Structure formats: C-alpha cells, structure tokens
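K.L.:
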Amino acid sequence: LDAVVLAVTTALEDVRLPSIHDPTANDNQGRSSATQLQLGVRPVAITLVKFDDNVWLVDPTESDQQVGSSLTVCFMGAERMFFCLGGMSGGLEGPGFQRMLQMASKLQVDVRKLA
Numbered sequence: 001l002d003a004v005v006l007a008v009t010t011a012l013e014d015v016r017l018p019s020i021h022d023p024t025a026n027d028n029q030g031r032s033s034a035t036q037l038q039l040g041v042r043p044v045a046i047t048l049v050k051f052d053d054n055v056w057l058v059d060p061t062e063s064d065q066q067v068g069s070s071l072t073v074c075f076m077g078a079e080r081m082f083f084c085l086g087g088m089s090g091g092l093e094g095p096g097f098q099r100m101l102q103m104a105s106k107l108q109v110d111v112r113k114l115a
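For the sequence shown, the numbering used here assigns the number 1 to the initial residue and increments by one for each residue that follows.
1) With distances taken Cα to Cα, identify the nearest neighbour of Leu107 among Glu79, Gly68, Asp52, Phe75.
2) Given 8 Å as the limit, is there contact between the stretch 94 to 105 and the stretch 48 to 64, that is, 3 or more CB pairs closer than that?
3) Using a 10 Å radius around the Cβ and a threshold of 16 neighbouring Cβ atoms, would you call Ser19 buried or exposed?
4) Less than 8 Å separating the beta-carbons of Asp59 and Asp2?
5) So Leu12 packs on Ala34, CB below 8 Å; how close in whole Å?
6) Can you tell me whether Val44 is buried or exposed? The criterion is at least 16 other CB atoms within 10 Å of its CB, across all chains shown.
7) Using the Cα positions of Pro95 and Asp53, report the straight-line distance between them to the nearest angstrom.
8) For Arg42, collect the residues of the same chain with a Cβ closer than 7 Å to its Cβ; drop the 5 residues on either side in sequence, then sort them by chain order.
Rendered as structure tokens:
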C-alpha cells in the first residue's frame, strides 16, 4: 500500500491538463497552455508490522501483516488517518501502539524527502 500511494501521488503530480482552443474567441484569448494538476495535499502512507519487541518491518506484504501486529498511518498534511490491518489482536495497545505511531511519523519525513 505504501509504495502504491507514493506512485499514484507522483503520477497525479505529473499530470498536465491539455491546452484548449476556443475558435470563437479573439486571437490569443481563446487559447490556454497546458497546466499542471495541483494537489491540495500530498499523502504519504507508512505501514509497520511488529513481530516482537525487537523485530519491525516497514511496507510489509499482505502475508507479513497477518503474522504480526500491523498499523498503517496515512499522513495528509498535518492530519493523520489510522488504519489497523490484520495481525494479532491486542498487539497495538498502549506503548506498542505509541511506539509504532512515533516510528511512522519519523519515517514519513524521510519518505517525503525521497519523493
């Protein structure tokens, strides 16, 4: 999911809306140049799987998510949306959840630098 969100966002940022020509308008007033699609926010998704206290995986496969406790955080500007995915129940409570959230927050900064 993480790589897909990044790829779709990057593709949308590369979109150029085609120029238009209005033959009924006077000279240059009927022409427009191609314009870039403007996104209101640039979403970044970070998925983490916790297998035990010392083993973490970023951007796991679907089967990896079924083995450990997983959390996907989609960062939308200053807002965050949380999605808990599969895995063992009870693994995302209390300090474990807070630690995963902190790790995701740090990782999204690095991902934004790459894109």
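In this text, a Cβ means the ideal position worked out from N, Cα and C, and glycines have one as well.
Nothing here was measured: the structure is a model prediction, and the numbers come from that model.
P.N.:
Well, looking at it:
1) Phe75
2) Segments in contact, yes.
3) exposed
4) yes
5) About 15 Å separates the two Cβ atoms, so there is no contact after all.
6) buried
7) 11 Å
8) Thr9
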